[in-house]
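Those sequence lines, one after another, are chains A and B. In this text, residue positions in the first sequence follow our numbering: the first is 383, and each later residue adds one. In this text, residue positions in the second sequence follow our numbering: the first is 383, and each later residue adds one.
Protein chains: 2
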Amino acid sequence: MVRRIHHVNFIVRDLDAAVALYERVLGMPVTRRDELPERGARAARFRVGESWIVLVQPTRPDGVPARYLAEHGEGFFLLSLETTSLDDALDALGAQMADGPSRRGADNWRVQDLRRERTFGAQLQFCVEERPLRS
Amino acid sequence: MVRRIHHVNFIVRDLDAAVALYERVLGMPVTRRDELPERGARAARFRVGESWIVLVQPTRPDGVPARYLAEHGEGFFLLSLETTSLDDALDALGAQMADGPSRRGADNWRVQDLRRERTFGAQLQFCVEERPLRS
Numbered sequence: 383m384v385r386r387i388h389h390v391n392f393i394v395r396d397l398d399a400a401v402a403l404y405e406r407v408l409g410m411p412v413t414r415r416d417e418l419p420e421r422g423a424r425a426a427r428f429r430v431g432e433s434w435i436v437l438v439q440p441t442r443p444d445g446v447p448a449r450y451l452a453e454h455g456e457g458f459f460l461l462s463l464e465t466t467s468l469d470d471a472l473d474a475l476g477a478q479m480a481d482g483p484s485r486r487g488a489d490n491w492r493v494q495d496l497r498r499e500r501t502f503g504a505q506l507q508f509c510v511e512e513r514p515l516r517s
Numbered sequence: 383m384v385r386r387i388h389h390v391n392f393i394v395r396d397l398d399a400a401v402a403l404y405e406r407v408l409g410m411p412v413t414r415r416d417e418l419p420e421r422g423a424r425a426a427r428f429r430v431g432e433s434w435i436v437l438v439q440p441t442r443p444d445g446v447p448a449r450y451l452a453e454h455g456e457g458f459f460l461l462s463l464e465t466t467s468l469d470d471a472l473d474a475l476g477a478q479m480a481d482g483p484s485r486r487g488a489d490n491w492r493v494q495d496l497r498r499e500r501t502f503g504a505q506l507q508f509c510v511e512e513r514p515l516r517s
């Protein structure tokens, strides 16, 4: 059902500083930047093989990213797994695993968060791309 | 330089319980299990596209995984990035980014940890496969 790691998100306080470091680690320029006002974040991402590594900086204190940063500090935020259908993935797993309804992610991504208290401490998410990826 | 996400590791307290959950999330049986006595851990992994998702349970209290679990709780442990050469990757980044010398990982993997205090809270690692992967 899950076909690939779609993206891995890391929360950072200073996006530009983190981008500079990741450009050196990955040996490539940042691929794309996104403003995500409805999520309370801005993001920068790198295409690494078939996956994205996404750096996320909170932009307002009441958003999920800011609350996660306040609670956990910088570092891993979530692992997003590409599936063919959010509904089928949730049906197979049980609806009680869903953390709220599906929502729009960056770009054309639609994501479904899973309840972190049921996934051994790691925030997991399913993801589908709703139309062909712009690049 | 970095070609793909080679593996993502998550620390768990109860490997069998976590494997059962991840089998349902990923829609596949666990691909492989490894005993890593020199690391103080046992692991189970899933092949997801071109990457591995690895669950790691500490097996002795003085190992790095156990200390990480004690400090951070269950959840994300590290992101391992496949590169063509550990030496070249470190040369490009600066040797002061290395957290110790390279070491053997599971299977035929050789890994080089980076210093977490320099990577915005996320433990990053470079990885090469030293001979063709057994499957």
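Even glycine gets a Cβ: it sits at the ideal position worked out from N, Cα and C.
For residue i, the three-state DSSP class (helix, strand or coil)
| i | result |
| --- | --- |
| residue 426 (chain B) | strand |
| residue 444 (chain B) | coil |
| residue 505 (chain B) | coil |
| residue 395 (chain B) | coil |
| residue 412 (chain A) | coil |
| residue 456 (chain B) | coil |
| residue 473 (chain A) | helix |
| residue 492 (chain B) | strand |
| residue 405 (chain A) | helix |
| residue 511 (chain B) | strand |
| residue 432 (chain B) | coil |
| residue 420 (chain A) | coil |
| residue 497 (chain A) | coil |
Of the listed residues the options, nearest to residue i (C-alpha basis)
| i | options | result |
| --- | --- | --- |
| residue 396 (chain A) | B:509, B:501 and B:506 | B:501 |
| residue 388 (chain B) | B:431, B:456, B:424 and B:441 | B:431 |
| residue 496 (chain B) | B:410, B:459 and B:513 | B:459 |
| residue 441 (chain B) | B:450, B:476 and B:423 | B:423 |
| residue 451 (chain A) | A:384, A:386 and A:391 | A:391 |
| residue 513 (chain A) | A:492, A:417 and A:498 | A:492 |
| residue 385 (chain A) | A:465, A:508 and A:498 | A:465 |
Span separating the alpha-carbon of residue i from that of residue j
| i | j | result |
| --- | --- | --- |
| residue 446 (chain A) | residue 434 (chain A) | 20 Å |
| residue 398 (chain B) | residue 428 (chain A) | 33 Å |
| residue 443 (chain A) | residue 449 (chain A) | 7 Å |
| residue 410 (chain B) | residue 401 (chain B) | 10 Å |
| residue 498 (chain B) | residue 485 (chain A) | 32 Å |
| residue 404 (chain A) | residue 463 (chain B) | 12 Å |
| residue 418 (chain B) | residue 507 (chain A) | 29 Å |
| residue 421 (chain A) | residue 414 (chain A) | 17 Å |
| residue 416 (chain B) | residue 490 (chain A) | 38 Å |
| residue 483 (chain B) | residue 439 (chain B) | 23 Å |
| residue 470 (chain A) | residue 470 (chain B) | 43 Å |
Contact check, residue i vs residue j, beta carbons under 8 Å
| i | j | result |
| --- | --- | --- |
| residue 468 (chain B) | residue 510 (chain B) | yes |
| residue 461 (chain B) | residue 394 (chain B) | no |
| residue 426 (chain B) | residue 407 (chain B) | no |
| residue 474 (chain A) | residue 383 (chain A) | yes |
| residue 477 (chain A) | residue 494 (chain A) | no |
If you pair each beta-carbon of the region 445 to 461 of chain B with each one of the region 502 to 513 of chain A, do three or more pairs fall below 8 Å? The way I'd put it, the region 445 to 461 of chain B does touch the region 502 to 513 of chain A; three or more beta-carbon pairs between them come closer than 8 Å.
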